[in-house]
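Residue numbers (this note's numbering): -19 to 323.
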């Protein structure tokens, strides 16, 4: 596990622990000095400690954009509204006032997303690669915010594109397979079962508090079965391929590595131990392919939530020679085209 991933995971664990403790141990009233100390301690954790930890672990160590500091502050505000004693919680009642406009906005966004998905799926009938790659190809590498947003917007059409074989029938054939659990049918069935259990469990846990919230949460969890199926088909059939002069690598539906062929400096076959500071894609302890780039590549993780720029990528693939031969053939073909153009 790379250092930046460890820091992000550390923040998530700390956040879950603090918010969980807030729901469990926050006093209902400020009746004693101990209650006040505990309450103000949680307030400090919500609005000082966690944002500071987010800044260090995610923005500094994870190399994310500074504007994302609003994420822990927003979460802290919501949690404060529902955990603080009533004497203080009323200061966060503005959340209740804006919930209906927010719901209206979310409904409009949902309708826009549905229209976008239908439009993208109709256009995707004849494309030969991932709709996410097509969306990213239209933007320059310097437009990080736009690229992340484009990837998120294209994730839903990509999910349906890969889930339904008829939509992806014209897809560019794979070069080889990335070694990953995601291409295992047994693993897919386990994920589907876990998703179903999580959906039912969330409904049973929330229904006594709010039936509407229980239906929404359980439905959202259940909806992820489509992503599980898409994840399996990507890993099984389309983990590494060439598209629009790019090398595309998918170790799962959540992650996407895009490398322009013109930026590849060298591709080597051998054995390399996994390094904490080097992006290694695939399951195993030893990589068998190393790709070195002349410029930083685009490594999108968690559906574009995080973006890394590796210059060296290690892969664990089933047929490393096939990848080397394909890239060499492409290099020779491009060189011949350049010579013919020059002549």
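Note that beta-carbon positions come from the ideal geometry of N, C-alpha and C, so glycine has one too. The model shown is predicted, which means the values in this text are computed figures rather than measured ones.
DSSP three-state assignment for residue i, whether helix, strand or coil
{"i": "residue 276", "result": "coil"}
{"i": "residue 45", "result": "coil"}
{"i": "residue 261", "result": "strand"}
{"i": "residue 211", "result": "helix"}
{"i": "residue 253", "result": "strand"}
{"i": "residue 9", "result": "coil"}
{"i": "residue 186", "result": "helix"}
{"i": "residue 248", "result": "strand"}
{"i": "residue 144", "result": "coil"}
{"i": "residue 292", "result": "strand"}
Which residues DSSP lists as bridging residue i, in chain order
{"i": "residue 226", "result": "223, 240"}
{"i": "residue 297", "result": "158"}
{"i": "residue 57", "result": "Looking at the DSSP assignment, residue 57 forms no beta bridge with any residue, so it has no partner."}
{"i": "residue 286", "result": "281"}
Proximity to residue i [Cα-Cα], best of the options
{"i": "residue 131", "options": "141, 116, 142", "result": "116"}
{"i": "residue 11", "options": "67, 146, 181, -17", "result": "67"}
{"i": "residue 289", "options": "283, 273, 308, 296", "result": "273"}
{"i": "residue 52", "options": "65, 32, 45, 43", "result": "32"}
{"i": "residue 230", "options": "249, 5, 218, 69", "result": "218"}
{"i": "residue 247", "options": "196, 281, 254, 305", "result": "305"}
{"i": "residue 57", "options": "313, 204, 207, 71", "result": "71"}
{"i": "residue 153", "options": "222, 178, 200", "result": "222"}
{"i": "residue -16", "options": "111, 5, 36", "result": "36"}
{"i": "residue 297", "options": "314, 313, 26, 249", "result": "249"}
{"i": "residue 281", "options": "158, 236, -3, 209", "result": "236"}
Where residue i falls, given that 16 or more other Cβ within 10 Å makes a residue buried
{"i": "residue 138", "result": "buried"}
{"i": "residue 188", "result": "exposed"}
{"i": "residue 60", "result": "buried"}
{"i": "residue 88", "result": "exposed"}
Inter-residue Cα distance where the pair is residue i and residue j
{"i": "residue 164", "j": "residue 181", "result": "26 Å"}
{"i": "residue 299", "j": "residue 287", "result": "28 Å"}
{"i": "residue 268", "j": "residue 283", "result": "26 Å"}
{"i": "residue 172", "j": "residue 312", "result": "44 Å"}
{"i": "residue 84", "j": "residue 301", "result": "54 Å"}
{"i": "residue 175", "j": "residue 206", "result": "11 Å"}
{"i": "residue 162", "j": "residue 147", "result": "20 Å"}
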